[in-house]
Amino acid sequence: MDTIRESFVNGNTSSIAVSDSGVKLVNAVEFGYTDPVDGSQTANQGLILNFELSSGDPARAVFRLSGTGSSGATIRMYLEQFEKDPTKHDKSAPLALKDLAEEALNLVQMEKLTGRDAPTVIT
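Note that this note's numbering gives residue 107 to position 107 of the sequence shown, counting from 1, and the numbers run on in steps of one.
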């Protein structure tokens, strides 16, 4: 997560080229959590890569590290993409989000960082 943070949150995202699929990184932000009961705050809960699709619509990839430490921890990736065309709403998530997933994974160099070329779980 530190590598992603340094490259995108603290780095310059404007120099990153638009992918062949038309997915463009707009910015990257880090997010925290505020407990609604006691108001306590926890920083560095994950990273959000905000994208613009070739259609001009927004999309994002959220990366979170879960677990108690770096050993045995799980990197979770959540994908969100706006689709205004109702004829595409029945498309399966893996197909609908394929370009976004590939772009996000390539940008953060997930295979290089983890040694994995595929996820262990997809939900």
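Even glycine gets a Cβ: it sits at the ideal position worked out from N, Cα and C.
> Taking just the CA atoms, how far does residue 9 sit from residue 42?
Replying inline: 18 Å
> Whole-angstrom Cβ separation of residue 79 and residue 101, contact assumed at under 8 Å?
Replying inline: 6 Å
>> Give me the residue from 82, 49, 35 and 53 with the minimum Cα distance to residue 105.
In response: 49
> Can you tell me the Cα-Cα spacing of residue 77 and residue 51, whole angstroms?
Replying inline: 14 Å
>> Taking the beta carbon of residue 103 as the centre, do at least 16 other beta carbons fall within 10 Å, making it buried, or is it exposed?
In response: buried
> Using a Cβ-Cβ cut-off of 7 Å (strictly less than) and excluding sequence neighbours within five positions of residue 18, which residues of its own chain qualify?
Replying inline: 24
> Tell me the DSSP bridge mates of residue 47?
Replying inline: 30 and 63
> Where do the N-terminal and C-terminal ends of the beta strand (DSSP E) with residue 79 fall, by residue?
Replying inline: 74–81
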